[in-house]
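Undergrad:
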Amino acid sequence: MMAFEGTNAGDQTAKKAKVNMAGKKDTTSWMDQFEEATGATEETKTNGQYTEEGRSFTELYEQSVTANNVGEGEVVDGVVINVGQDYVTVDIGYKSEGLVPIYEFKGPDGTVDVKAGDVITVYLERMESDTGFMQLSKDKAQIIRAWDEISQACEKDQLVEGTVIAKVKGGLSVDIGVKAFLPGSQVDVKPVKNLDKYIGKKLKFKIIKFNKKRGNIVLSRRAIVAEEKEKMRVETLSTLQEGQIIAGTVKNITDYGAFIDLGGMDGLLHITDMSWGRVKHPSELFQVGDEIKVKVLKYDREKERISLGLKQVSPNPWEELSTKINVYDRVKGKVVSIKDYGAFVELSEGIEGLIHVSEMSWRRDVKHPSKLLNVGDEVECQVLEIDAKNKRLSLGLKQLQENPWTALEKKYPAGQIVEGEIKSVTDFGLFVDIGEGIDGLIHVSDLTWQKSKAGAGNPLEKFKKGDKIKSMVLSIDKETEKFSLGIKQLERDPWENVRTNYKVGSAIEGKVTKVTDFGAFVEIEEGIEGLVYVSELSDQRVDKPSDVVKVGDVVRAEVITLDPKERRIGLSMKKLKTSEERAAYATYVNQKDKKTSLGDLLGEKLKGALGGKDDEKEED
Numbered sequence: 010m011m012a013f014e015g016t017n018a019g020d021q022t023a024k025k026a027k028v029n030m031a032g033k034k035d036t037t038s039w040m041d042q043f044e045e046a047t048g049a050t051e052e053t054k055t056n057g058q059y060t061e062e063g064r065s066f067t068e069l070y071e072q073s074v075t076a077n078n079v080g081e082g083e084v085v086d087g088v089v090i091n092v093g094q095d096y097v098t099v100d101i102g103y104k105s106e107g108l109v110p111i112y113e114f115k116g117p118d119g120t121v122d123v124k125a126g127d128v129i130t131v132y133l134e135r136m137e138s139d140t141g142f143m144q145l146s147k148d149k150a151q152i153i154r155a156w157d158e159i160s161q162a163c164e165k166d167q168l169v170e171g172t173v174i175a176k177v178k179g180g181l182s183v184d185i186g187v188k189a190f191l192p193g194s195q196v197d198v199k200p201v202k203n204l205d206k207y208i209g210k211k212l213k214f215k216i217i218k219f220n221k222k223r224g225n226i227v228l229s230r231r232a233i234v235a236e237e238k239e240k241m242r243v244e245t246l247s248t249l250q251e252g253q254i255i256a257g258t259v260k261n262i263t264d265y266g267a268f269i270d271l272g273g274m275d276g277l278l279h280i281t282d283m284s285w286g287r288v289k290h291p292s293e294l295f296q297v298g299d300e301i302k303v304k305v306l307k308y309d310r311e312k313e314r315i316s317l318g319l320k321q322v323s324p325n326p327w328e329e330l331s332t333k334i335n336v337y338d339r340v341k342g343k344v345v346s347i348k349d350y351g352a353f354v355e356l357s358e359g360i361e362g363l364i365h366v367s368e369m370s371w372r373r374d375v376k377h378p379s380k381l382l383n384v385g386d387e388v389e390c391q392v393l394e395i396d397a398k399n400k401r402l403s404l405g406l407k408q409l410q411e412n413p414w415t416a417l418e419k420k421y422p423a424g425q426i427v428e429g430e431i432k433s434v435t436d437f438g439l440f441v442d443i444g445e446g447i448d449g450l451i452h453v454s455d456l457t458w459q460k461s462k463a464g465a466g467n468p469l470e471k472f473k474k475g476d477k478i479k480s481m482v483l484s485i486d487k488e489t490e491k492f493s494l495g496i497k498q499l500e501r502d503p504w505e506n507v508r509t510n511y512k513v514g515s516a517i518e519g520k521v522t523k524v525t526d527f528g529a530f531v532e533i534e535e536g537i538e539g540l541v542y543v544s545e546l547s548d549q550r551v552d553k554p555s556d557v558v559k560v561g562d563v564v565r566a567e568v569i570t571l572d573p574k575e576r577r578i579g580l581s582m583k584k585l586k587t588s589e590e591r592a593a594y595a596t597y598v599n600q601k602d603k604k605t606s607l608g609d610l611l612g613e614k615l616k617g618a619l620g621g622k623d624d625e626k627e628e629d
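So the mapping is simple: the working numbering equals the position in the sequence shown, first residue as 1, plus 9.
(1) May I have the straight-line CA-CA distance separating L580 from V558, to the nearest angstrom?
(2) Which residues share a DSSP beta bridge with N9?
(3) Where does L7 land, buried or exposed, given buried means 16+ other C-beta within 10 angstroms?
(4) Checking 8 Å against the spacing of the C-beta atoms, do G514 and E567 come in under that value?
(5) For E532 and T525, which I take to be in contact (beta-carbon distance under 8 Å), what is that distance rounded to the nearest angstrom?
(6) Could you spell out where the beta strand (DSSP E) holding P413 opens and where it closes?
(7) Specify, as a first and last residue, the run of the beta strand (DSSP E) that L246 falls within.
(8) Indicate the three-state DSSP secondary structure (helix, strand or coil) for N220 in the structure shown.
(9) When you compare the CB positions of L456 and K497, do they come within less than 8 Å of one another, or not?
(10) Where do the N-terminal and C-terminal ends of the alpha helix (DSSP H) with Q161 fall, by residue?
(11) Within the same chain, show all residues whose beta-carbon is closer than 6 Å to that of S292, passing over the 5 residues directly before and after it, in chain order.
(12) When we look at the beta-carbon of N56 and count the other beta-carbons within 10 Å, is it buried (16 or more) or exposed?
(13) DSSP has E387 in a bridge; who is on the other side?
(14) Write down the C-beta distance between I334 and V392 rounded to the nearest angstrom, noting that I regard them as a contact closer than 8 Å.
(15) Below 8 Å CB to CB, which residues in the same chain sit around V297 once its five sequence neighbours on both sides are set aside?
(16) Please work out which residues of its chain come closer than 8 Å, Cβ to Cβ, to D197, disregarding the five sequence neighbours upstream and downstream, and give them in chain order.
(17) With a Cβ-Cβ cutoff of 8 Å, do I477 and E430 count as a contact?
(18) If you follow the alpha helix (DSSP H) that T509 is in, where does it begin and where does it stop?
(19) I'd like the list of long-range same chain contacts for V205, defined as Cβ closer than 8 Å, with 5 residues on each side in sequence excluded.
(20) At a cut of 8 Å, does the stretch 297-315 reach the stretch 337-346 through at least three beta carbon pairs?
(21) From I364 to G385, what does the alpha carbon distance come to, in whole angstroms?
(22) Any idea what DSSP makes of I2, helix, strand or coil?
(23) Flag this pair as yes or no: are the beta carbons of E251 and L306 separated by less than 8 Å?
(24) So what's L204 in DSSP terms, helix, strand or just coil?
(25) Mind the definition here: the stretch 590-600 touches the stretch 546-564 only if three or more C-beta pairs lie below 8 Å; say whether that holds.
(26) Kindly indicate which three-state DSSP category I496 falls into: helix, strand or coil?
(27) Out of curiosity, what's the CA-to-CA distance linking E488 and Q408?
(28) Check whether the Cβ atoms of G351 and V375 lie closer than 8 Å to each other.
(29) Quick check on the burial criterion: 16 or more other C-beta atoms within 10 angstroms. Buried or exposed for P378?
(30) Need the endpoints of the beta strand (DSSP E) that I451 sits in, please.
(31) I'd like to know whether the C-beta atoms of P324 and E358 end up nearer to each other than 8 Å.
(32) If you follow the beta strand (DSSP E) that M481 is in, where does it begin and where does it stop?
(33) From I129 to K147, what does the alpha carbon distance come to, in whole angstroms?
(34) Excluding the five sequence neighbours on either side, which residues of its own chain have a C-beta within less than 8 Å of the C-beta of N383, listed in chain order?
(35) The beta strand (DSSP E) spanning S403 covers which residue range?
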């Protein structure tokens, strides 16, 4: 027997444990085993020498080795008898021991996972090297056995289990004892964009191509997945009901919602059913692979369509809103969205209120909410209106600020003269800033006492933005938030003395300022006009007032109506003519009456002087 180098004790060879080909440990010594194999007894021993029908000890020993029938290229079991620095010594029951490189026992962290006494499977690469030891390999033994198992699984159409170890061109590399290839098209029933997520996972596969000579193995997982999904789909459909709360996995995310895998069957969770609050995009709430609980809202068995809801799993916050807040309450929230017409404020999950732009400030110059608020701002506001049924909540920001209209009303009583800058000129008047942050309005009707004359132009044309002007406070209405100013009120109203200066029936003289289809306007004095209706222009029929008078004509007319409050004076050219004619006639008649009475008196005196001569003549 050859001595083994590298062992810790010289007599280990005689004392080592034996392992038979079946891998069972034999506690008898190799010499005892030898005796059993050759049938030696005490009678055959002579002074420590064996004799049997003339055969020597050497012949009998070689016979026992031949009986083990071990050859190169075979896989056998052995016992680890020593773990050295570079090699692990293994006894496979042969006349010499074998060596396995230590690196074949090292794990990923560099530790050696083997100890003396362990039973391992090895591959006999070489019967005996120059060192006198057999050359063994644990890795190759595992590969050979794996190939045998894979071959059997392929023949019997059995599934194999393996771990995905790397991403390679066209698919994945899988360790099933040996390296095998999993094409990307065979990973799942649907194309998989991200293969990296499978690395490190332990899965089951079906062998679709096997060539031992070339070392080529191709796997498929697609059929397994399809079969599993079909089983799950059938099971899911058999138990699915509307109103049921079920667990699922986020499978895909789109702009309008997310598809949830309920177990072999997908359901749509629309973005409007994800939360009671505002959701801009489903990715704000989920990621692919997330496990969530959803409620089955609608289930169409014929089309196999499922509509799901997430917010329906929790109570509707609007139903409890009226028990938590009331109108006029102060509340705090976060600005989540800004529109042209206002800002939306989230008070709690699912509860949002609108602060309309008109409720943000007492100032009227705030044209856009972004001038005061930004998304993300924390604000305190007042509840103005609650409509839980329609999920509407009106909020106000200015209500928590001092109302400037109250102070304005006290500071500027009616009749006070103020000075300010014209902020804007509109078709209906002027907006004037008097330095209080609130603009006053001078209506076009309060610019002048005079009415617009033909060709005189618009009175607003005299003013432009930036002009400094004086005006009088007419009224302040804090309820409607109106601040009225006037310029014409700085001058005397010519209509104040109209009733004194002009009596009904009196004659006036004026200039025609405007001719219309219904009559002519006549300026009596500056700021005062009267109207001569078409029927009062002449005692003759008039079809068109322009046939009788023209702008610029100086006419005389009689005052027939007078209403200073409404600033109206009715004139009549026809009636004045008639009145003047009657007056002239009356004068004439009066004068004639006076002449007749004098003649009569003279006649009587003359008659008396004659002494009644005429009477005598008449008698004759």
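Ideal placement from N, C-alpha and C gives every residue a C-beta, glycine not left out.
TA: Here's the rundown:
(1) Reading the sequence shown from its first residue, position 571 is the one you call residue 580. Reading the sequence shown from its first residue, position 549 is the one you call residue 558. Between L580 and V558, the C-alpha separation is close to 14 Å.
(2) Residue numbering for the chain in the displayed model covers 10 to 629; residue 9 lies beyond these limits and cannot be assessed.
(3) Residue coverage of the chain in this structure runs from 10 to 629, which leaves residue 7 outside it and unanswerable.
(4) One-based indexing of the sequence shown puts residue 514 at position 505. One-based indexing of the sequence shown puts residue 567 at position 558. Yes. Within cutoff.
(5) Residue numbering aside, residue 532 sits at position 523 when the sequence shown is read from its first letter. Residue numbering aside, residue 525 sits at position 516 when the sequence shown is read from its first letter. Their Cβ separation, rounded to whole angstroms, is 15 Å, which puts E532 and T525 out of contact at 8 Å.
(6) Mapped onto the sequence shown, residue 413 falls at position 404. No beta strand (DSSP E) contains P413, which is instead part of the alpha helix (DSSP H) from P413 to K420.
(7) Taking the first residue of the sequence shown as position 1, residue 246 is located at position 237. That residue, L246, is in no beta strand (DSSP E); its alpha helix (DSSP H) goes R231 to T248.
(8) On the sequence shown, residue 220 is found 211 positions in, with the first residue counted as 1. Under the three-state reduction of DSSP output, N220 falls in the strand class.
(9) Locating residue 456 in the sequence shown gives position 447, where the first residue counts as 1. Locating residue 497 in the sequence shown gives position 488, where the first residue counts as 1. Yes, these two residues count as a Cβ contact at 8 Å.
(10) Here residue 161 is taken as the residue at index 152 of the sequence shown, counted from 1. First-last of the alpha helix (DSSP H) with Q161: K147 to E164.
(11) Taking the first residue of the sequence shown as 1, we reach residue 292 at position 283. Contacts found: I262.
(12) The residue labelled residue 56 in the question sits at position 47 within the sequence shown. The predicted position of N56 is uncertain, since its pLDDT is 42 and thus under 50; a value taken from the coordinates is nonetheless stated next. Counting Cβ neighbours within 10 Å, N56 comes out exposed, since fewer than 16 surround it.
(13) Within the sequence shown, numbered from 1, the residue matching residue 387 stands at position 378. Under DSSP, E387 shares a beta bridge with K343.
(14) Start at 1 with the first residue of the sequence shown, and residue 334 comes out as number 325. Start at 1 with the first residue of the sequence shown, and residue 392 comes out as number 383. 6 Å between Cβ atoms; contact.
(15) Residue numbering aside, residue 297 sits at position 288 when the sequence shown is read from its first letter. Cβ-Cβ distances below 8 Å link V297 to V259, K260, N261 and I262 in the same chain, with the five nearest sequence neighbours on each side left out; the list follows chain order.
(16) Start at 1 with the first residue of the sequence shown, and residue 197 comes out as number 188. Once the five neighbours on either side are set aside, the close Cβ partners of D197 are R230, R231 and V234.
(17) Your numbering for residue 477 matches position 468 in the sequence shown. Your numbering for residue 430 matches position 421 in the sequence shown. The displayed chain sequence assigns Lys, not Ile, to residue 477. It is a contact, given that the beta carbons lie within the stated cut-off.
(18) Sequence index remark: in the sequence shown, residue 509 carries index 500 (1-based). Unbroken alpha helix (DSSP H) run through T509: V507 to N510.
(19) Here the question's residue 205 lines up with position 196 in the sequence shown. A quick correction: the sequence has Asp, not Val, at residue 205. Around D205: K176.
(20) no
(21) Along the sequence shown, read from residue 1 onward, the residue named residue 364 stands at position 355. Along the sequence shown, read from residue 1 onward, the residue named residue 385 stands at position 376. Looking at the two C-alpha atoms, the distance is approximately 15 Å.
(22) Look at the range of the chain in this structure, 10 to 629, and you will see that residue 2 is not part of it.
(23) As a working note, residue 251 is residue 242 in the sequence shown. As a working note, residue 306 is residue 297 in the sequence shown. Cβ atoms of E251 and L306: closer than 8 Å.
(24) Here residue 204 refers to the residue found at position 195 of the sequence shown. L204 falls in the helix class under three-state DSSP.
(25) no
(26) Against the sequence shown, residue 496 aligns to sequence position 487. I496: coil per DSSP, three-state reduction.
(27) Working through the sequence shown from its first residue, we reach residue 488 at position 479. Working through the sequence shown from its first residue, we reach residue 408 at position 399. Their Cα atoms are separated by approximately 13 Å.
(28) Locating residue 351 in the sequence shown gives position 342, counting from the first residue. Locating residue 375 in the sequence shown gives position 366, counting from the first residue. No. Outside cutoff.
(29) For the purposes of this step, residue 378 is taken as the residue at position 369 of the sequence shown. Its Cβ being crowded by 16 or more others within 10 Å, P378 is buried.
(30) Walking along the sequence shown from the start, residue 451 turns up at place 442. Unbroken beta strand (DSSP E) run through I451: D448 to H452.
(31) Walking along the sequence shown from the start, residue 324 turns up at place 315. Walking along the sequence shown from the start, residue 358 turns up at place 349. Taking 8 Å as the Cβ cut-off, P324 and E358 do not qualify as a contacting pair.
(32) As a working mapping, residue 481 is identified with position 472 in the sequence shown. Note, M481: beta strand (DSSP E), K477 to D486.
(33) Numbered from 1 along the sequence shown, position 120 holds the residue referred to as residue 129. Numbered from 1 along the sequence shown, position 138 holds the residue referred to as residue 147. Between I129 and K147, the C-alpha separation is close to 8 Å.
(34) Looking up residue 383 in the sequence shown gives position 374. If we look at N383 and ignore the five residues flanking it on each side, its Cβ neighbours are V344 and I347.
(35) Residue numbering aside, residue 403 sits at position 394 when the sequence shown is read from its first letter. Counting along the chain, the beta strand (DSSP E) containing S403 begins and ends at R401 to G405.
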